[in-house]
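Novice: To start, I am sharing the structure in question, which I have written as structure tokens.
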Amino acid sequence: MTYASIMVAVDLGAEARERVHLAGHLADDFRARLIGVAAEEASYAVPPVGPIPASAFALAANDELILNDLKRAHAAFAAAAGGRSRVEWRSNLDFPLPFLIGQAAAADLVVVGRKGQSGPVLFSVDPGDLVMHLGRPILVVPPGIDHLDARRVVIGWKNTREARRAVRDALPFLSRASRVVVVSIDEGQGTDEAGDVVGFLQAHDIDATATRWESGGGPTSRALVEAASEQAADLIVLGAYGHGRLREWVFGGVTRDLLAGAPVCCLMSH
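Residue numbers (this note's numbering): -14 to 255.
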């Protein structure tokens, strides 16, 4: 099992170049094609031009500004991709979230940044919205990281549909890792037994072990990050938990905290 196609979300923020570098290195490692995507919907709340508010001239000018942003994003992607041969670019005047969801049929893995990055709003997509709607695993890359070896990987384990899917989706990473540790966090109510998932991974010739980690009364997300640090892991794999309420996704604390502030890359599936 491998990733044959890796998609990366591109914007005009400072971290986009690092993210494309990371996605490009992964594409090399997996011999995958690299697809850059960007979209932005023009805002028509523009100042009037001449005597007619929001005239056709103003609308056309606004579209032209967005198209120029997309050209800049394409140029930044091309420069960071480094002249690789299997590279593709997709962009459009569209709302970013539905555009990326539509394009994701072409990808095995989608690489994104965190919510609330500095810089223009071009392709401003909440990774939490993505993981809940995409139907593909997402790799959330923190600022300042432009490479991912994933030789040591931590799996945050609960025996749920989301976690089982995340483990399956991460198999291309896990099969290349030198060590995989399945971490069950003890929150005072016991932990999920990890024997079956360890056996599943070992059946795929993956060196996997299990450990239980005490939360110490603190957030489970912090305990998971501490476990990853102790294992010198640069990738955390976990299921993304949430439910819809009034058209908004309400996340469990672990998902929310890691989306917002994990210091290492996180692969999430829902």
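Just so it is clear, CB atoms sit at the ideal spot from N, CA and C, and this is done for glycine as well.
Here the structure is a predicted model, which means the values were calculated and not measured.
Which full runs of the beta strand (DSSP E) of 3+ residues lie inside the region 110 to 147, going along the chain?
Specialist: As far as the region 110 to 147 is concerned, its whole beta strand (DSSP E) runs of at least 3 residues are 123 to 126, 137 to 141.
Novice: Pull up the distance between the alpha-carbon of G246 and that of S200, whole angstroms please.
Specialist: On the sequence shown, position 261 is the one that residue 246 refers to. On the sequence shown, position 215 is the one that residue 200 refers to. Rounded to the nearest angstrom, the two C-alpha atoms are 18 Å apart.
Novice: As a quick exercise: from A24, D154, L94, R57, pick the residue whose alpha carbon is nearest that of S(-10).
Specialist: By one-based count along the sequence shown, residue -10 stands at place 5. S(-10) has its Cα closest to that of L94, out of A24, D154, L94, R57.
Novice: Would a C-beta distance cut-off of 9 Å place L78 and L115 closer than the cut-off?
Specialist: By one-based count along the sequence shown, residue 78 stands at place 93. By one-based count along the sequence shown, residue 115 stands at place 130. No, they are not a contact pair.
Novice: Just confirm the distance between the C-beta atoms of M(-8) and A92, as a whole number of angstroms; I'd bet it's less than 8 Å.
Specialist: Within the sequence shown, residue -8 is the residue found at index 7, counting from 1. Within the sequence shown, residue 92 is the residue found at index 107, counting from 1. Their Cβ separation, rounded to whole angstroms, is 4 Å, which keeps M(-8) and A92 in contact under 8 Å.
Novice: Once you ignore the five residues that flank A30 on each side, which residues in its own chain have a CB closer than 6 Å to its CB?
Specialist: Residue 30 sits at position 45 when you count from the first residue of the sequence shown. Any reading at A30 needs caution, since the residue's pLDDT is 49, under 50, leaving its predicted position unreliable; the model's value is listed next. Excluding residues within five positions, none has a Cβ falling inside 6 Å.
Novice: Compute the Euclidean distance between the alpha carbons of V139 and E49, then round it to the nearest angstrom.
Specialist: The residue labelled residue 139 in the question sits at position 154 within the sequence shown. The residue labelled residue 49 in the question sits at position 64 within the sequence shown. For V139 and E49, the distance between alpha carbons rounds to 45 Å.
Novice: Determine, using beta carbons only, whether V96 and L7 come nearer to each other than 9 Å.
Specialist: As a first step, residue 96 must be located in the sequence shown, where it is residue number 111. As a first step, residue 7 must be located in the sequence shown, where it is residue number 22. Yes, they are a contact pair.
Novice: Taking the CB atoms as reference points, tell me whether L223 and A135 lie closer together than 9 Å.
Specialist: One-based indexing of the sequence shown puts residue 223 at position 238. One-based indexing of the sequence shown puts residue 135 at position 150. Contact flag unset, no.
Novice: What would DSSP say about A188, mapped onto helix, strand or coil?
Specialist: Taking the sequence shown and counting its residues from 1, the one referred to as residue 188 is at position 203. It is helical.
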